[in-house]
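Everything below concerns the one structure shown next.
In our numbering, the protein residues as written are 366 to 701.
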């Protein structure tokens, strides 16, 4: 399945500085790289000699980074603490020209961070700093006020739920009706234990495990996929459901109950971290810029195929996506 060149050009041209709201759990992803050649005498664990460290935007911030990489203008709404990791997080936002003024600061919470220790290309440990209790009423109001003040300007809303306290039943019961009144496209990158609170959104983008866990069906073949997708649609009353299936591609359950499958285009898979962020961010951005649901699925599939070829959270820019689609177009042409 291919998006024609003239459509691709128009969609990407429309994306230039298009305001898109990203709401959810922001975090800082840290990677400590090194070698592990010895075992500690203190405990039977490897000693990692650090060679270098990298930091990247994670969670909802990674979604915003993906939106920015397409040339759009993400408005990032989330909560950070008042700590060292917040300073590093804000510096990264500045590097990628993502506005920090839509964030709320909560002195009682740490800035969510995930630190991965990687030795010889393998992750040996992950350290999480987080508070997954719902944000306070005061912080929720502060964040909602920021969103409501900006809703008239945005073309779509992406809700990125990592279960770290920002996306709660109370929060969504206030946000979604307001967004509906303003006819905004609402995409949700979900947390499986929260599916019942994503009512009447435009699209939900779970992977097979998240979709199956949400409805109590283990997805192991196409029949169970169909059952889970239909049950999930009924549970959430979402207009559309996009289930990402790894090497099996994606399946889109439409508002009219029809279903379409989109094959994967990934050529190398090193790390699936953040692939769901990419799908949600790119899909909503494409629809916001005038693309159809099918075009959004195809383009987000190419974007995801690019980022899984990198270690850690990553993004796909317009040039990389165009190159991937051109490669697929050439490949399909050679088969004729």
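Positions of the beta carbon are idealized from the N, C-alpha and C atoms, including for glycine.
Only a predicted model underlies this, so the values are computations on that prediction, with no experimental measurement involved.
### Query
Below 8 Å, can you find three or more Cβ-Cβ pairs linking the stretch 468–481 to the stretch 383–400?
Segments in contact, yes.
### Query
Distance, Cα to Cα, residue 684 vs residue 695?
Taking the chain shown and counting its residues from 1, one reaches residue 684 at position 319. Taking the chain shown and counting its residues from 1, one reaches residue 695 at position 330. One Cα belongs to residue 684, the other to residue 695, and the distance between them is close to 16 Å.
#### Entry: Own chain partners of residue 472 with C-beta closer than 6 Å, once the 5 adjacent residues on each side are dropped
Taking the first residue of the chain shown as position 1, residue 472 is located at position 107. The residues 447, in chain order, have a CB closer than 6 Å to that of residue 472 in the same chain once the five nearest residues on each side in sequence are set aside.
### Message
If distances are taken between C-alpha atoms only, which option among 466, 421, 437 comes closest to residue 450?
### Response
Residue numbering aside, residue 450 sits at position 85 when the chain shown is read from its first letter. The residue among 466, 421, 437 with its C-alpha nearest the C-alpha of residue 450 is 421.
### Query
Going by the CB atoms, is the gap between residue 663 and residue 607 shorter than 8 Å?
Here the question's residue 607 lines up with position 242 in the chain shown. Here the question's residue 663 lines up with position 298 in the chain shown. Result no, Cβ atoms of residue 607 and residue 663 do not sit closer than 8 Å.
### Query
How about residue 667: is its Cβ closer than 7 Å to a heavy atom in the ligand ADP?
As presented, the structure is devoid of all ligands, the ligand ADP included, so that no description of it is given.
### Query
I think residue 469 touches residue 511, with their Cβ atoms under 8 Å apart; what is that distance to the nearest whole Å?
As a position in the chain shown, residue 469 is number 104, starting the count at 1. As a position in the chain shown, residue 511 is number 146, starting the count at 1. With a contact defined as Cβ atoms closer than 8 Å, residue 469 and residue 511 qualify at about 7 Å.
### Task
Could you tell me if residue 439 is buried or exposed, where buried requires 16 or more neighbouring beta carbons within 10 angstroms of its beta carbon?
Residue numbering aside, residue 439 sits at position 74 when the chain shown is read from its first letter. Answer is buried; the Cβ neighbour count reaches 16.
### Task
Starting from residue 521, follow its DSSP beta bridges and name the residues at the other end.
Counting from 1 along the chain shown, the entry for residue 521 is found at position 156. Answer by DSSP bridge pairing, in chain order: 550.
### Query
With a Cβ-Cβ cutoff of 8 Å, do residue 441 and residue 463 count as a contact?
Mapped onto the chain shown, residue 441 falls at position 76. Mapped onto the chain shown, residue 463 falls at position 98. Closer than 8 Å, so yes.
### Message
Across the stretch 452–462 and the stretch 489–500, are there enough close Cβ pairs to call them in contact, namely three or more that are closer than 8 Å?
### Response
no
### Task
Identify, in the order they occur along the chain, each residue of the same chain with its Cβ nearer than 6 Å to the Cβ of residue 553, setting aside the five sequence neighbours on each side.
Taking the first residue of the chain shown as position 1, residue 553 is located at position 188. If we look at residue 553 and ignore the five residues flanking it on each side, its Cβ neighbours are 524, 563, 566, 569.
### Query
If you draw a straight line from the alpha carbon of residue 419 to that of residue 680, how long is it in whole angstroms?
Residue numbering aside, residue 419 sits at position 54 when the chain shown is read from its first letter. Residue numbering aside, residue 680 sits at position 315 when the chain shown is read from its first letter. Between residue 419 and residue 680, the C-alpha separation is close to 15 Å.
### Task
Leaving aside the five residues before and after residue 382 along the sequence, list all residues of the same chain whose C-beta is less than 8 Å from its C-beta, in chain order.
Walking along the chain shown from the start, residue 382 turns up at place 17. Cβ within range, chain order: 436, 437, 438.
### Task
Have a look at residue 654 and residue 380 and give me their C-alpha separation to the nearest angstrom.
By 1-based counting over the chain shown, the position of residue 654 is 289. By 1-based counting over the chain shown, the position of residue 380 is 15. C-alpha separation (whole angstroms): 5 Å.
### Query
The alpha helix (DSSP H) with residue 509 in it runs from where to where?
What you label residue 509 is simply residue 144 of the chain shown in a count that begins at 1. That run of the alpha helix (DSSP H) goes 502–515.
### Task
Taking only the alpha-carbon atoms, compute the straight-line gap between residue 431 and residue 645 and give it to the nearest angstrom.
Here residue 431 refers to the residue found at position 66 of the chain shown. Here residue 645 refers to the residue found at position 280 of the chain shown. Using only the alpha carbons, I get a separation of about 9 Å.
### Query
For residue 682, does the three-state DSSP call read helix, strand or coil?
Walking along the chain shown from the start, residue 682 turns up at place 317. Residue 682: coil per DSSP, three-state reduction.
### Message
If you measure between the beta carbons of residue 551 and residue 541, is that distance less than 8 Å?
### Response
Numbered from 1 along the chain shown, position 186 holds the residue referred to as residue 551. Numbered from 1 along the chain shown, position 176 holds the residue referred to as residue 541. Cβ atoms of residue 551 and residue 541: closer than 8 Å.
### Message
I'd like to check one pair, residue 483 with residue 397: are the Cβ atoms closer than 8 Å?
### Response
On the chain shown, position 32 is the one that residue 397 refers to. On the chain shown, position 118 is the one that residue 483 refers to. Yes, they are a contact pair.
### Query
Does DSSP put residue 384 in a helix, in a strand, or in coil?
Looking up residue 384 in the chain shown gives position 19. Residue state, collapsed to three classes: strand.
### Task
Let me know the alpha helix (DSSP H) ranges lying completely inside the stretch 385–440, each 4 residues or longer, listed in chain order.
425–434
#### Entry: Check whether residue 508 and residue 444 have beta carbons under 8 Å apart
As a position in the chain shown, residue 508 is number 143, starting the count at 1. As a position in the chain shown, residue 444 is number 79, starting the count at 1. Yes, the pair counts as a contact, with Cβ atoms nearer than the cut-off.
### Task
Helix, strand or coil for residue 664, going by three-state DSSP, please let me know.
Counting from 1 along the chain shown, the entry for residue 664 is found at position 299. Here residue 664 sits in helix by DSSP.
### Query
Going along the chain, which residues of its own chain have a beta-carbon closer than 7 Å to the beta-carbon of residue 520, five neighbours each way excluded?
By one-based count along the chain shown, residue 520 stands at place 155. Excluding sequence neighbours, residue 520 sits near 383, 384, 385, 653.
### Query
Quick one: Cα of residue 642 to Cα of residue 527, how far?
Here the question's residue 642 lines up with position 277 in the chain shown. Here the question's residue 527 lines up with position 162 in the chain shown. If you take the alpha carbons of residue 642 and residue 527, they lie about 11 Å apart.
### Query
What three-state label does DSSP hand residue 624 in the structure shown?
On the chain shown, residue 624 is found 259 positions in, with the first residue counted as 1. DSSP places residue 624 in strand when its eight states are reduced to three.
### Message
If the criterion is Cβ atoms closer than 8 Å, does the pair residue 678 and residue 423 meet it?
### Response
Locating residue 678 in the chain shown gives position 313, where the first residue counts as 1. Locating residue 423 in the chain shown gives position 58, where the first residue counts as 1. Going by C-beta atoms, residue 678 is nearer than 8 Å to residue 423.
### Query
Would a check of beta-carbon distances place residue 455 closer than 8 Å to chain D?
Judged by its chain identifiers, the structure shown contains no chain D, having just a single protein chain.
### Task
Scan the stretch 548–583 and note each continuous beta strand (DSSP E) run of 3 residues or more that stays entirely inside, going in chain order.
550–554
#### Entry: Where residue 310 falls, given that 16 or more other Cβ within 10 Å makes a residue buried
Because the chain spans 366 through 701 in this model, residue 310 falls outside it and cannot be assessed.
### Query
Once you ignore the five residues that flank residue 485 on each side, which residues in its own chain have a CB closer than 8 Å to its CB?
Here residue 485 corresponds to residue number 120 of the chain shown, with the count starting at 1. The residues are 400, 401.
### Task
Kindly indicate the opening and closing residues of the alpha helix (DSSP H) around residue 650.
The sequence position of residue 650 within the chain shown is 285, counting from 1. Counting along the chain, the alpha helix (DSSP H) containing residue 650 begins and ends at 640–653.
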